[in-house]
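Q: To start, I am sharing the structure in question, which I have written as structure tokens.
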Amino acid sequence: MAAGYLDILRARHAARLLTGTLVGRLPNGTGPIAIVLFIRAEGGSYTLAGALAAAYGLATAVGQPLLGRAVDLYGQPRVQLPAAVVSALGMVLLALTGLGPLPLAYLGVIVAGVATPPLEGGLRALWPSVLKSEDRVHRAYAMDAVAQEIMFTVGPLLVTLLVSLWSPAAALLVINALGVLGALSVVLSEPSRTWRSAPREAHWLGALRSPGLLALLGSFFFVGLALGSITVAAVAYADDHGRESVYGWLMAALGLGALIGGLAYGARQWAGAPEKRLRVIAGFLALGYLPLTLTPSVPVMTALAALSGVFLAPAIACSFIVVDRHAPRGTVTEAFSWLVTTFGVGAAAGTAVAGPAVELGSTAWSFAVAGAGGAAALVVLLATGRLLAAPVRTAAVVTGSENDRNGAVEPGFSSGHKA
604 MAAGYLDILR
614 ARHAARLLTG
624 TLVGRLPNGT
634 GPIAIVLFIR
644 AEGGSYTLAG
654 ALAAAYGLAT
664 AVGQPLLGRA
674 VDLYGQPRVQ
684 LPAAVVSALG
694 MVLLALTGLG
704 PLPLAYLGVI
714 VAGVATPPLE
724 GGLRALWPSV
734 LKSEDRVHRA
744 YAMDAVAQEI
754 MFTVGPLLVT
764 LLVSLWSPAA
774 ALLVINALGV
784 LGALSVVLSE
794 PSRTWRSAPR
804 EAHWLGALRS
814 PGLLALLGSF
824 FFVGLALGSI
834 TVAAVAYADD
844 HGRESVYGWL
854 MAALGLGALI
864 GGLAYGARQW
874 AGAPEKRLRV
884 IAGFLALGYL
894 PLTLTPSVPV
904 MTALAALSGV
914 FLAPAIACSF
924 IVVDRHAPRG
934 TVTEAFSWLV
944 TTFGVGAAAG
954 TAVAGPAVEL
964 GSTAWSFAVA
974 GAGGAAALVV
984 LLATGRLLAA
994 PVRTAAVVTG
1004 SENDRNGAVE
1014 PGFSSGHKA
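Take 604 as the starting number for the sequence shown in the working numbering and just add one per residue.
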């Protein structure tokens, strides 16, 4: 299993691009918790902290596809680095103004969110030119999904460490400075500097004119909803058991399950259409969420949380392949950014629905929201089977003019673009 991932990391530029992207995404991965801790330290209420964190999340959802389209049009360095700098300046504004006046605080988080660079989609656009093999690119997608789980686990720990050593304001500044350095590392690399998107058809819908992509986005809205509801449900479960540490155990178990599943998924080669495979994975993902509604003892619940996460990273990794197959020519970064946006909006909806579910029903009801989200994701994939069966492009990954300007790709590993 490890040999395949080591083979990817030994490829020229691969380790730098993966590390730079993860570091560059730290501000986004830790933004909500950093904002909440800072506002609370400034004397603000939880309601205000939540409102600012929500404004940041919604602004990020708006900015990602717009900046992704700009990357496809103008290249990575001309968009990613300026965006990272502007995003960091937005957080600097928040750190300097605090709660007074409030409009400046909202302006800071909105600027930071809208300008968040689409490094995630950018990395996936670069993998084919770096790895030059379809199987290695698919494994890189799985490694990418695993790395996300690690970042979303380590990132909040880093924020809390910085808060304890210095202050919440310092945590905001340090995390965003690291983000700029990560983006700088990516855009100064040769693959990022030389990457050019394929010529694209002028269309105001951009990537969204693909019916298959819309179907996938509809499904992953509900996957995001399931995950968002679990974060709230886990807090309620911890409250029921009188120990805040229980929340950490449940979320760590969820991340561990996703880590194991992602590593296992990327360790083998998969035959057949990824759209069909995604439906199977989504089915197991939905089944994994249902036992959480039993809310058993803490040890059993922790094991169930780990089990529910096993198919998450494989679902994400497989979705990357499907996105690439269905994105219209010249829109690959934008398409990946839409997946990030849809997933984030779904997670926000999940947190919004799970809260009332706890108050009106019980903790089990909030976990039922996750089960319903997983089931809805599967239903969307099944209902849109015809749309997903007709990809815009026939290859699983993009090469050719879009990602391999010098034509340095293994024979037989073509772009699959239709003339």
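Note that CB positions come from ideal geometry on N, CA and C, so glycine has one too.
Just to confirm my understanding: we take residue 770, look at its own chain, exclude 5 residues before and 5 after, and list those with CB closer than 8 angstroms. What are they?
A: Cβ neighbours of residue 770 beyond the five flanking positions: 644.
Q: At which residues does the alpha helix (DSSP H) containing residue 732 begin and terminate?
A: Run containing residue 732: 722 to 734, per the alpha helix (DSSP H) assignment.
Q: Could you pull out every unbroken alpha helix (DSSP H) segment of at least 4 residues lying fully inside the stretch 668 to 722, listed in chain order?
A: Here the runs fully enclosed are 680 to 700 and 705 to 717.
Q: Between which residues of its own chain and residue 639 is the CB-CB distance below 6 angstroms, once the five residues before and five after are set aside?
A: Excluding residues within five positions, the ones whose Cβ falls inside 6 angstroms are 652 and 656.
Q: To the nearest angstrom, how far is the alpha carbon of residue 729 from that of residue 667?
A: Taking the straight line from one Cα to the other gives about 17 angstroms.
Q: Are there three or more Cβ pairs, one per stretch, closer than 8 angstroms when the stretch 881 to 896 is compared with the stretch 970 to 979?
A: Flag = yes, the stretch 881 to 896 and the stretch 970 to 979 touch.
Q: Below 6 angstroms CB to CB, which residues in the same chain sit around residue 693 once its five sequence neighbours on both sides are set aside?
A: Excluding positions up to five away in sequence, the list reads 711, 714 and 715.
Q: Tell me, to the nearest whole angstrom, how far the beta carbon of residue 785 is from that of residue 947; I am working on the premise that it is less than 8 angstroms.
A: Not really, about 19 angstroms apart at Cβ, beyond 8 angstroms.
Q: Could you check the C-alpha separation between residue 557 and residue 964 for me, to the nearest Å?
A: Look at the range of the chain in this structure, 604 to 1022, and you will see that residue 557 is not part of it.
Q: Please state if the CB of residue 698 and the CB of residue 783 are separated by a distance shorter than 8 angstroms.
A: The answer is no: Cβ separation not under 8 angstroms.
Q: Take every Cβ of the stretch 899 to 915, pair it with every Cβ of the stretch 852 to 871, and state whether three or more of those distances are shorter than 8 angstroms.
A: These segments touch.
Q: Just tell me which of 942, 885 and 725 has its CA closest to the CA of residue 623.
A: The residue with the shortest Cα to Cα distance from residue 623 is 725.
Q: Beta-carbon separation of residue 818 and residue 987 under 8 angstroms?
A: Yes, they are a contact pair.
Q: Hey, residue 826 and residue 949 are a contact pair by Cβ (cut 8 angstroms); roughly how many whole angstroms apart?
A: 7 angstroms between Cβ atoms; contact.
Q: Out of curiosity, what's the CA-to-CA distance linking residue 780 and residue 631?
A: One C-alpha to the other measures close to 12 angstroms.
Q: Smallest Cα separation from residue 833: which of 956, 700, 677 and 637?
A: Ranking 956, 700, 677 and 637 by Cα distance to residue 833 puts 956 first.
Q: Using 10 angstroms around the beta-carbon of residue 872, count the other beta-carbons present and answer buried if the total reaches 16, otherwise exposed.
A: That one is exposed.
Q: For a quick check, are the C-beta atoms of residue 868 and residue 745 less than 8 angstroms apart?
A: A contact, by the Cβ cut-off of 8 angstroms.
Q: Which residues mark the beginning and the end of the alpha helix (DSSP H) in which residue 618 is found?
A: Segment 617 to 627, the alpha helix (DSSP H) holding residue 618.
Q: Taking DSSP as the reference, what is the three-state secondary structure of residue 929?
A: Here residue 929 sits in helix by DSSP.
Q: From residue 610 to residue 874, what does the alpha carbon distance come to, in whole angstroms?
A: Going by the C-alpha atoms only, they are around 21 angstroms apart.
Q: Comparing the C-beta of residue 917 with each C-beta of chain C, is any distance below 8 angstroms?
A: Absent here is chain C; the protein component of the structure consists of one chain.
Q: State the DSSP-derived secondary structure class of residue 1000, mapped to helix, strand or coil.
A: Confidence in residue 1000 is poor, its pLDDT being 43 and thus under 50, which makes the residue's placement too unreliable to answer from.
Q: Look at the Cβ atom of residue 945, then the Cβ atom of residue 830, and state whether they are nearer than 8 angstroms.
A: No. Outside cutoff.
Q: Can you check which of these residues, 938, 927, 882 and 925, is closest to residue 914 by C-alpha distance?
A: Closest option to residue 914, Cα to Cα, is 882.
Q: By Cβ distance below 7 angstroms, which residues in the same chain neighbour residue 1001 in space, the five residues on each side in sequence not counted?
A: In this predicted model, residue 1001 has a pLDDT of only 41, less than 50, meaning its place in the structure is not dependable; the value taken from the coordinates is given anyway. Counting only Cβ-Cβ distances below 7 angstroms, and skipping sequence neighbours, we find 731, 927, 935 and 1018.
Q: In chain order, which beta strand (DSSP E) runs of at least 3 residues are fully inside the stretch 887 to 951?
A: Runs of the beta strand (DSSP E) inside the stretch 887 to 951: none found.
Q: To the nearest angstrom, how far is the alpha carbon of residue 621 from that of residue 747?
A: About 8 angstroms.
Q: Quick check on residue 793: buried or exposed, where buried means 16 or more other Cβ atoms within 10 Å of its Cβ?
A: Looking at its Cβ environment, which holds fewer than 16 other Cβ atoms inside 10 Å, residue 793 is exposed.
Q: In the DSSP assignment, the alpha helix (DSSP H) including residue 968 goes from what residue to what residue?
A: Taken as a continuous stretch (DSSP letters only), the alpha helix (DSSP H) holding residue 968 covers 966 to 986.
Q: Could you give the residue range of the alpha helix (DSSP H) that holds residue 741?
A: Start and end: 737 to 768.
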